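Q: Sequential numbering of the sequence shown, starting at 0, is according to numbering that gives the first Met the number 0.
Would you mind keeping the following structure in view while I ask a few things?
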Amino acid sequence: MLVRLKALVENWLTGAAKGFLGVGLTANGATVLGLALAAASAICFYLGAGSHMLTVVASLLLLASGFFDALDGVIAKVAGGGTRLGSLLDSVLDRYGDGFVIAGITLAYLDSSLLGVSIAFWGFAAIFGSLLVSYVRAKGESLGLTLAGVGIAERPERILILTVSGFLGRPDVGLLIVAFAANFTALQRFSSLL
């Protein structure tokens with residue numbers, strides 16, 4: 000859903016990409032920076048259980064990670080086009096980033112439960128759902144179908160859910176929402192292939 004809004008901010012992202020290219024940041028560098036920010040966010044979420052200040056810091060780091068995730072492709076385009084390696088690196092590191100953040104939140108709240116179910120279950124469900132959203136899209140594209148924009152919780156939405164829930168001091172609730180929304184999105188994408 001938010002992917003559709005990317006066109007509205009394309010000019011701003013292009014300007015930012017040119018600025019970062021001017022200081023030597025490549026598309027792959029932006030991808031790696033996005034992963035580093037996601038890992039830092041995961042650590043802050045893990046250490047911040049019960050500390051609203053640290054969950055806010057974790058949320059800001061996650062938002063910055065999402066920004067560099069949106070920016071890496073634009074940097075590649077401005078620099079003359081991306082590479083297959085860059086595209087692969089972006090996809091793989093995005094999955095690691097998702098896993099780090101979800102694991103950080105899950106481990107921070109491991110002794111708690113939501114809706115009468117252990118947070119560990121919701122963490123696994125969020126990771127599986129997030130991976131399946133990407134997998135179904137990739138599989139669909141290998142079959143010649145476009146699935147970008149299909150579903151309620153693509154990566155930008157999942158980042159936004161976890162960011163907002165972190166700002167509100169309840170990343171565990173955000174994890175629960177991502178668990179439901181990501182799996183629902185994977186099912187939406189799968190059903191659109193039928």
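Positions of the beta carbon are idealized from the N, C-alpha and C atoms, including for glycine.
Being a predicted model, the structure only gives us computed values, none of them experimental.
In terms of residue numbering, what span does the alpha helix (DSSP H) encompassing residue 58 cover?
A: Position 59 of the sequence shown, counted from the first residue, corresponds to residue 58. Residues 51 to 77.
Q: Specify, as a first and last residue, the run of the alpha helix (DSSP H) that residue 154 falls within.
A: Locating residue 154 in the sequence shown gives position 155, where the first residue counts as 1. Segment 154 to 166, the alpha helix (DSSP H) holding residue 154.
Q: Assuming contact is defined by CB atoms lying nearer than 8 Å, are residue 170 and residue 104 in contact in what I supplied?
A: Against the sequence shown, residue 170 aligns to sequence position 171. Against the sequence shown, residue 104 aligns to sequence position 105. The answer is yes: Cβ separation under 8 Å.
Q: Below 7 Å CB to CB, which residues in the same chain sit around residue 13 once its five sequence neighbours on both sides are set aside?
A: For the purposes of this step, residue 13 is identified with residue 14 of the sequence shown, where counting begins at 1. So the qualifying residues of the chain are 73, 77.
Q: Report all residues from its chain with a CB closer than 8 Å to the CB of residue 163; omit the five preceding and five following residues, and keep chain order.
A: Within the sequence shown, the letter at position 164 stands for residue 163. 58, 173, listed in sequence order.
Q: So for residue 22, helix, strand or coil by DSSP?
A: Locating residue 22 in the sequence shown gives position 23, counting from the first residue. Looking at residue 22 - three-state DSSP - the assignment turns out to be coil, as it is neither helix nor strand.
Q: Contact between the segment 33 to 46 and the segment 90 to 101: three or more CB pairs below 8 Å?
A: Short answer: they touch.
Q: Going by DSSP, what residues sit across from residue 117 in a beta bridge?
A: Translated into the one-based positions of the sequence shown, residue 117 becomes position 118. Paired residues: 112.
Q: Could you tell me if residue 140 is buried or exposed, where buried requires 16 or more neighbouring beta carbons within 10 angstroms of its beta carbon?
A: The residue labelled residue 140 in the question sits at position 141 within the sequence shown. Flag for residue 140 reads exposed.
Q: Following the continuous alpha helix (DSSP H) through residue 104, name the residue where it begins and the one where it ends.
A: The count along the sequence shown starts at 1 and reaches residue 104 at position 105. Element bounds for residue 104: 83 to 107.
Q: Threshold first: 3 residues or longer. Then list the beta strand (DSSP E) segments lying entirely within the segment 126 to 153, N to C.
A: Counting only runs of 3 or more, we get nothing.
Q: Sort 191, 68, 51 by Cα distance to residue 166 and report the nearest one.
A: Counting from one through the sequence shown, the residue named residue 166 turns up at place 167. Comparing Cα positions, the closest option is 51.
Q: Do the segment 117 to 134 and the segment 177 to 188 meet, that is, are 3 or more Cβ pairs less than 8 Å apart?
A: The answer is yes - the segment 177 to 188 touches the segment 117 to 134, with three or more Cβ pairs under 8 Å.
Q: Whole angstroms are fine: how far does the CA of residue 49 sit from the CA of residue 61?
A: For the purposes of this step, residue 61 is taken as the residue at position 62 of the sequence shown. For the purposes of this step, residue 49 is taken as the residue at position 50 of the sequence shown. Those two C-alpha atoms are separated by around 18 Å.
Q: Hey, could you find the ends of the alpha helix (DSSP H) residue 178 is sitting in?
A: Indexing the sequence shown from 1 puts residue 178 at position 179. Its alpha helix (DSSP H) spans residues 170 to 192.
Q: Figure out for me which residue from 118, 186, 121, 68 has the closest Cα to the Cα of residue 151.
A: As a first step, residue 151 must be located in the sequence shown, where it is residue number 152. Comparing Cα-Cα distances from residue 151 to each of 118, 186, 121, 68, the minimum goes to 186.
Q: Figure out for me which residue from 80, 145, 100 has the closest Cα to the Cα of residue 56.
A: Counting from 1 along the sequence shown, the entry for residue 56 is found at position 57. Comparing Cα positions, the closest option is 100.
Q: Output yes or no for whether 8 Å exceeds the beta carbon distance between residue 75 and residue 85.
A: Mapped onto the sequence shown, residue 75 falls at position 76. Mapped onto the sequence shown, residue 85 falls at position 86. Their beta carbons are under 8 Å apart, which means residue 75 touches residue 85 by this criterion.
Q: Since I believe residue 182 is in contact with residue 124 (beta carbons under 8 Å), could you give me their beta-carbon distance rounded to a whole number of angstroms?
A: As a working mapping, residue 124 is identified with position 125 in the sequence shown. As a working mapping, residue 182 is identified with position 183 in the sequence shown. Contact flag correct, Cβ pair sits at about 6 Å.
Q: Determine the direct distance from the alpha carbon of residue 96 to that of residue 133, and round the result to whole angstroms.
A: Along the sequence shown, read from residue 1 onward, the residue named residue 133 stands at position 134. Along the sequence shown, read from residue 1 onward, the residue named residue 96 stands at position 97. Those two C-alpha atoms are separated by around 13 Å.
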